[in-house]
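J.: Structure provided below as structure tokens; questions to follow.
Number of protein chains: 2
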Amino acid sequence: MNTNWIKAFAPATVANVSCGFDVFGFALHQPGDEVEIRLNDSGHVTVTQIMGDANLLPREAHLNTCGVAVQQFLHATKLAHGAEIKLTKNLPLGSGMGSSAASAVAALVAINHATGNKLSRKDLLPFAVEAERMACGSAHADNVAPALMGGFVLIRDKETLDIINIPTPAELIAVVIHPHIEIKTSDARQAMRKTLSLHDAVKQWGNTAALVTGLMKEDFDLIGRSLEDVVAEPVRSIFIPGYDRVKQAALNNGALGCGISGSGPSMFALCKGEASAQQVAKAMQEAFQDIQLKADSYVSGINSNGAQVISSQ
Amino acid sequence: MNTNWIKAFAPATVANVSCGFDVFGFALHQPGDEVEIRLNDSGHVTVTQIMGDANLLPREAHLNTCGVAVQQFLHATKLAHGAEIKLTKNLPLGSGMGSSAASAVAALVAINHATGNKLSRKDLLPFAVEAERMACGSAHADNVAPALMGGFVLIRDKETLDIINIPTPAELIAVVIHPHIEIKTSDARQAMRKTLSLHDAVKQWGNTAALVTGLMKEDFDLIGRSLEDVVAEPVRSIFIPGYDRVKQAALNNGALGCGISGSGPSMFALCKGEASAQQVAKAMQEAFQDIQLKADSYVSGINSNGAQVISSQ
Chain C
1 MNTNWIKAFA
11 PATVANVSCG
21 FDVFGFALHQ
31 PGDEVEIRLN
41 DSGHVTVTQI
51 MGDANLLPRE
61 AHLNTCGVAV
71 QQFLHATKLA
81 HGAEIKLTKN
91 LPLGSGMGSS
101 AASAVAALVA
111 INHATGNKLS
121 RKDLLPFAVE
131 AERMACGSAH
141 ADNVAPALMG
151 GFVLIRDKET
161 LDIINIPTPA
171 ELIAVVIHPH
181 IEIKTSDARQ
191 AMRKTLSLHD
201 AVKQWGNTAA
211 LVTGLMKEDF
221 DLIGRSLEDV
231 VAEPVRSIFI
241 PGYDRVKQAA
251 LNNGALGCGI
261 SGSGPSMFAL
271 CKGEASAQQV
281 AKAMQEAFQD
291 IQLKADSYVS
301 GINSNGAQVI
311 SSQ
Chain S
314 MNTNWIKAFA
324 PATVANVSCG
334 FDVFGFALHQ
344 PGDEVEIRLN
354 DSGHVTVTQI
364 MGDANLLPRE
374 AHLNTCGVAV
384 QQFLHATKLA
394 HGAEIKLTKN
404 LPLGSGMGSS
414 AASAVAALVA
424 INHATGNKLS
434 RKDLLPFAVE
444 AERMACGSAH
454 ADNVAPALMG
464 GFVLIRDKET
474 LDIINIPTPA
484 ELIAVVIHPH
494 IEIKTSDARQ
504 AMRKTLSLHD
514 AVKQWGNTAA
524 LVTGLMKEDF
534 DLIGRSLEDV
544 VAEPVRSIFI
554 PGYDRVKQAA
564 LNNGALGCGI
574 SGSGPSMFAL
584 CKGEASAQQV
594 AKAMQEAFQD
604 IQLKADSYVS
614 GINSNGAQVI
624 SSQ
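Chains as they are written, first to last, in the working numbering: chain C, 1 to 313; chain S, 314 to 626.
Structure representation (structure tokens):
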């Protein structure tokens, strides 16, 4: 039994990406959560330390996203080990940046490493999805899949976890702005209508198909036209103060498109090139400031690697 | 004024392509309709001959899909010419193979040639869509766009006619089987539910995105998995006797996927390679024969050229 501390990093992710509710997500390089895991022979999973959560996250393993993921892993692999977990939260809670997903995924990559890397990233995915079910009330994969596998991913089918990597242009840069308010994923999901008109649905699937085409053809104009959301944005943007103003600021400053990151309140924009992204980030942050809302901004290319072990001694 | 007879061909098309209701369509090499047009100074559009329609199509220009398309063209280009139209129907009416679209598109390519090819294919599209509105009761572009432009197309937005070409693998071969029953597009559209569940919609847009990815990556297995339709097929397949049996015959014989062509009754399958397609065509035809339904079969690669002028003297 490897009793070294294994430390892994998993990145923030942007889910939905405007048109792709529940099917698209991509990984950033930074920020991300770090999880340290050490195997023991207790037979139990314990969370002994959490930093950076302002004491808000549950310490009980079965209520903590890292704990659930590791319990799922040990149960499925029939390993009798116990494990001790330390979590460093760099992602804000309830931010729409895949905070719970990053913690679960970092924990899984660490425990898999500690037990000899017997499972592939794809094999780890169901455990992360179970952790999401516990944390957010729904078993969605659009944060955990890109956090785990990296890149821009399509969840073709969430029941079979058919995950497909979509190539993206090197010049594609993401901006994420996190205003300092919290929205619970479970609340944001409840706000969604359970049915939609055929007319809106056709628009949405025209755009999901077009976004993939734009990304694969490196057609930035088409990427921009496809970043349209007639399903989630009309309902969820209401929860985000200044949404229209911030989106307009992004578009006025050259963003290809702009929308809600996951279930919000963070907003994302996609841009062509680093300089454009920096300008867009500044404009969006200032637009939040105009309504007295403090907001952090992140600028990152698409992280094609996903979660990584960063130390193992 | 060019008073030669200009003859153009426009191909059959498969619209929807399982997951892509109202957004996907592709063109076959054969069969197709032929339209001959000769300009005159009458100021009127007349349809003087239709062959192959068993006398079922209206001869009045404003009620005929060719006539409407040409009227739209002459009105928009402010040309004072009249035109005489002869139509040879090789496509069965009400077959789900884009019969009305092929006639309209062939007429537009011919009249554009006769008047000096001043308009691009994209410019011609709105006139073809207007002809569809008259013929089918809805202004859909998923047959006219591939018939006009060729290839596998995505209609990202039917209001702005944002049409995108999707590259396809050379080995991709389509089978179309036309059982000898007729379904009116307007009836088939009325059968569609006007709303759908968010759950079904997410499935559908996961598949539209995945089909594009499969086509562009030349991933035949992914193409097959994506050819799933939870929106139109459950309702429209009821109108097609033996549907489940014929689909199963296609899949049992190696088709990547199988579904309804347009609004039916024709069915299509996509296959990897000509030999596979021939086997699938035979199996589907036999399955219709088993229930005493005569059916024609067509096997074709994707026609990347679309409609063509074939003589101009």
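All C-beta atoms, glycine included, are put in the ideal place defined by N, C-alpha and C.
(1) Three Cβ pairs or more, each shorter than 8 Å: is that satisfied between the segment 276-289 of chain C and the segment 234-254 of chain C?
(2) Determine which residues of the segment 151-176 of chain C have a Cβ less than 7 Å from any Cβ of chain S, and write them out in chain order.
(3) Unbroken beta strand (DSSP E) runs of length 3 or more, entirely within the segment 552-594 of chain S: which are they?
(4) Would you say Thr326 of chain S faces chain C, with C-beta separation under 7 Å as the test?
(5) Which residue's Cα is closest to the Cα of Ile496 of chain S: S:Thr521, S:Leu509, S:Ala396, S:Arg549?
(6) Does the beta-carbon of Gly429 of chain S have 16 or more other beta-carbons within 10 angstroms, so that it is buried, or is it exposed?
(7) Answer yes or no: does any C-beta atom of chain C fall closer than 7 Å to that of Ala504 of chain S?
(8) In the DSSP assignment, find the alpha helix (DSSP H) that holds Val418 of chain S and state where it starts and stops.
(9) Return the CA-CA distance between Asp475 of chain S and Ala419 of chain S, expressed in angstroms with no decimal places.
(10) Check whether the segment 273-286 of chain C touches the segment 249-264 of chain C, counting contact only when three or more Cβ pairs, one atom from each stretch, lie closer than 8 Å.
(11) Report all residues from its chain with a CB closer than 7 Å to the CB of Pro344 of chain S; omit the five preceding and five following residues, and keep chain order.
(12) Taking C-beta pairs closer than 8 Å, name the residues in chain C that Met301 of chain S reaches, listed in chain order.
(13) Report yes if the C-beta distance between Gly619 of chain S and Leu461 of chain S is below 7 Å; otherwise report no.
(14) Are there 16 or more other CB atoms within 10 angstroms of the CB of Gly98 of chain C, so buried, or fewer, so exposed?
(15) Using 10 angstroms around the beta-carbon of Asn55 of chain C, count the other beta-carbons present and answer buried if the total reaches 16, otherwise exposed.
(16) Tell me, please, whether the segment 529-545 of chain S touches the segment 476-485 of chain S by the rule of three or more beta-carbon pairs shorter than 8 Å.
(17) With 9 Å as the limit, tell me which residues of the segment 204-222 of chain C have their beta carbon closer than that to any beta carbon of chain S; keep them in chain order.
(18) Residues of chain B with a CB under 7 Å from the CB of Asp335 of chain S: which are they?
(19) May I ask you to report which of helix, strand or coil DSSP gives Gly407 of chain S?
(20) Can you find a C-beta in chain C that's less than 7 Å from the C-beta of Lys435 of chain S?
(21) Measuring CB atoms only, is the segment 120-136 of chain C touching the segment 59-73 of chain C, in the sense that at least three cross pairs come out at less than 8 Å?
(22) Name the one or two DSSP bridge partners that Val175 of chain C has.
(23) What in chain S is Cβ-close to Ser197 of chain C, meaning under 7 Å?
(24) By the 8 Å beta-carbon criterion, what residues does the segment 537-566 of chain S contribute toward chain C?
(25) Grab me the residues of Thr316 of chain S's own chain with a C-beta within less than 8 Å of its C-beta, minus the 5 sequence neighbours each way, in chain order.
(26) The beta strand (DSSP E) that contains Ile82 of chain C, what's its start and end?
(27) Rounded to the nearest angstrom, what separates Asp500 of chain S and Ala269 of chain C at their Cα positions?
(28) Run through the segment 495-530 of chain S for me and flag every whole alpha helix (DSSP H) of 4 or more residues, listed as ranges in chain order.
(29) Where does Val231 of chain C fall in DSSP's three states?
(30) Mind checking who Arg38 of chain C pairs with in its DSSP beta bridge?
(31) Evaluate the contact criterion for the segment 358-365 of chain S versus the segment 385-400 of chain S: three or more CB pairs, one atom per stretch, below 8 Å.
(32) With burial defined as no fewer than 16 other Cβ atoms inside 10 Å of the residue's Cβ, what is the status of Ser331 of chain S: buried or exposed?
(33) So for Gln626 of chain S, helix, strand or coil by DSSP?
(34) Around the Cβ of Thr526 of chain S, are there at least 16 other Cβ atoms within 10 angstroms (buried) or fewer (exposed)?
(35) So Met364 of chain S is in the alpha helix (DSSP H); what residue range does that whole segment cover?
T.: By the coordinates alone:
(1) Yes, the segment 276-289 of chain C is in contact with the segment 234-254 of chain C.
(2) Within the segment 151-176 of chain C, the residues whose Cβ lies closer than 7 Å to some Cβ of chain S are Leu154, Ile155, Arg156, Asp157, Asp162, Ile164, Ile166, listed in chain order.
(3) Here the runs fully enclosed are 570-573, 580-585.
(4) It does not: the Cβ of Thr326 of chain S has no partner Cβ on chain C nearer than 7 Å.
(5) Across the set S:Thr521, S:Leu509, S:Ala396, S:Arg549, the C-alpha of S:Arg549 shows the shortest separation from the C-alpha of Ile496 of chain S.
(6) Within a 10 Å sphere around the beta-carbon of Gly429 of chain S sit fewer than 16 other beta-carbons, which makes this residue exposed.
(7) Answer no: the Cβ-Cβ gap between Ala504 of chain S and chain C never drops below 7 Å.
(8) Where Val418 of chain S is concerned, the enclosing alpha helix (DSSP H) stretches over 412-427.
(9) About 21 Å.
(10) Judged by Cβ distances under 8 Å, the segment 273-286 of chain C makes contact with the segment 249-264 of chain C, as three or more pairs qualify.
(11) Result list for Pro344 of chain S: Ala325, Asn403, Leu404, Tyr611, in chain order.
(12) An answer regarding residue 301 of chain S cannot be provided, because it is not within the stretch 314 to 626 covered by chain S.
(13) Contact: yes.
(14) Buried is the call here.
(15) Per the 10 Å Cβ criterion, exposed.
(16) Here the segment 529-545 of chain S makes contact with the segment 476-485 of chain S; the two share three or more CB pairs at distances below 8 Å.
(17) Cβ contacts with chain S come from Gln204, Trp205, Gly206, Asn207, Thr208, Ala209, Ala210, Leu211, Val212, Thr213, Gly214, Met216, Lys217, Asp219, Leu222.
(18) Of the protein chains in this structure, namely C and S, none is chain B.
(19) Correct three-state label for Gly407 of chain S: coil.
(20) No Cβ of chain C is located within less than 7 Å of the beta carbon of Lys435 of chain S.
(21) Of all C-beta pairs linking the segment 120-136 of chain C to the segment 59-73 of chain C, three or more are shorter than 8 Å, placing the two stretches in contact.
(22) Partner(s): C:Ala269, C:Val299.
(23) Among the residues of chain S, those whose CB is under 7 Å from the CB of Ser197 of chain C are Lys507, Thr508, following chain order.
(24) The residues in question are Arg538, Ser539, Val544.
(25) Once the five neighbours on either side are set aside, the close Cβ partners of Thr316 of chain S are Arg351, Leu352, Asn353.
(26) For the record, residue 82 of chain C in the displayed sequence is Gly; it is not Ile. For Gly82 of chain C, the enclosing beta strand (DSSP E) starts and ends at 82-88.
(27) Cα to Cα, Asp500 of chain S sits roughly 43 Å from Ala269 of chain C.
(28) Runs of the alpha helix (DSSP H) spanning 4 or more residues and lying entirely within the segment 495-530 of chain S occur at 498-504, 511-530, in chain order.
(29) Coil, per DSSP.
(30) Residue pairing for Arg38 of chain C: DSSP places it in a beta bridge opposite C:Glu84.
(31) Yes, they touch.
(32) The residue is buried, with at least 16 neighbouring Cβ atoms inside 10 Å.
(33) The answer is coil: DSSP assigns Gln626 of chain S none of H, G, I, E or B.
(34) Buried: at least 16 other Cβ atoms inside 10 Å.
(35) Careful: Met364 of chain S lies outside any alpha helix (DSSP H), inside the beta strand (DSSP E) at 358-364.
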